[in-house]
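So the number in the working numbering is just where the residue sits in the sequence shown, counting from 1, plus 30. Glycine included, every Cβ here is placed at the ideal spot set by N, Cα and C. Being a predicted model, the structure only gives us computed values, none of them experimental. Each remark here refers to the structure printed beneath this line.
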Amino acid sequence: MNKVLLFAYLQEAAGKDHLFMQAAGLSVKELRNSLENETRLSSLQNVMIAINENYATDEDIIEENDVIALIPPVSGG
């Protein structure tokens with residue numbers, strides 16, 4: 031099982047700050063597609079994804095018990 035941390039507007043869209051899902055064996059790209067299809071989260075293409083506090087690429091593979099963070103782009107001054 032994997033914990034997925036949500037930040038900024040993603041928390042508002044999901045109604046919570048994290049969720050749990052079985053993501054082990056998925057690539058980051060597959061995770062992104064799965065979240066878009068199976069949750070209320072959409073347009074995750076510009077969202078950075080980190081695994082265990084390290085930024086990940088779309089090709090990285092998620093392992094059991096990895097903590098995943100979805101980090102949307104920020105704006106402001």
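Look at Glu66 and Leu56 and say whether their C-beta atoms are less than 7 Å apart. no
What ranges does the alpha helix (DSSP H) occupy inside the segment 42 to 103, keeping only unbroken runs of at least 4 residues that lie completely in it? 58 to 68
Between Phe37 and Ile101, is the Cβ-Cβ spacing less than 7 Å? yes
Can you round the beta-carbon distance between Val97 and Leu35 to whole angstroms, since I take them to be within the 8 Å contact cut? 7 Å
Which residues DSSP lists as bridging Leu35, in chain order: His48, Ala99
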